[in-house]
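In numbering that gives the first Met the number 0, the protein residues as written are 0 to 92.
Note sheet for the following structure.
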Amino acid sequence: MRKSKAPARVTPGLEVLAAPRNGVADDLTRIAGIGPALSALLNREGIWHFDQIASWKARDIAYFESRMPGFRGRITRDGWVEQARQLARGDGE
């Protein structure tokens, strides 16, 4: 049986991707609080695009914070979801 390379669905309804759409990822480091290391971690978890982060609910935030030792509270404190919404709309261009 062949195994999928796509990351496991971390919470119901959350879109995770094995690779960026059309082979081009958004630069997640444009979100304040996400540096290269956290961007790489998010990519490993199947998060490549602003619209994915923009759709996060409380359960998604809790999941990703559990994957980021030493950064608990950062997603909410730095407003990643709202920043991602603005960037997904093109407001941060």
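Ideal Cβ positions, reconstructed from N, Cα and C, are used throughout, including at glycine.
Because the structure is a prediction, the values reported are computed rather than measured.
Item checked: Residue range of the alpha helix (DSSP H) that includes THR75 -> Per DSSP, the unbroken alpha helix (DSSP H) holding THR75 starts and ends at 73-76.
Next item on the list: Hey, could you find the ends of the alpha helix (DSSP H) TRP79 is sitting in?
Entry: First-last of the alpha helix (DSSP H) with TRP79: 79-88.
Check: If MET67 and LEU27 are in contact, beta carbons under 8 Å, what's the gap, nearest whole angstrom?
Finding: Between LEU27 and MET67 the Cβ distance is about 13 Å, and since that is not below 8 Å, they are no contact.
Check: Alpha carbon to alpha carbon, how far is ARG20 from LEU41?
Finding: Rounded to the nearest angstrom, the two C-alpha atoms are 15 Å apart.
Next item on the list: Note down, in chain order, each residue of its chain lying with its Cβ closer than 6 Å to the Cβ of ALA87, except the 5 sequence neighbours on either side.
Entry: Excluding five sequence positions before and after ALA87, the CB atoms of its chain that fall closer than 6 Å to its own CB belong to PHE49, ASP50, ALA53, given in chain order.
Margin query: Spatial neighbours of ILE33 within its chain, please: C-beta separation below 6 Å, excluding the five flanking residues on both sides.
Written below: Setting aside the 5 residues that flank it on each side, ILE33 is surrounded in the same chain by LEU27, each with a C-beta closer than 6 Å to its C-beta; the list follows chain order.
Check: Taking just the CA atoms, how far does GLU44 sit from ALA83?
Finding: ALA83 and GLU44: Cα-Cα distance of roughly 17 Å.
Note to self: Our contact map puts TRP47 next to ASP25 with C-beta atoms below 8 Å; I'd like the distance itself, whole angstroms only.
What the structure shows: Indeed, because the Cβ distance is near 7 Å, the residues count as touching under 8 Å.
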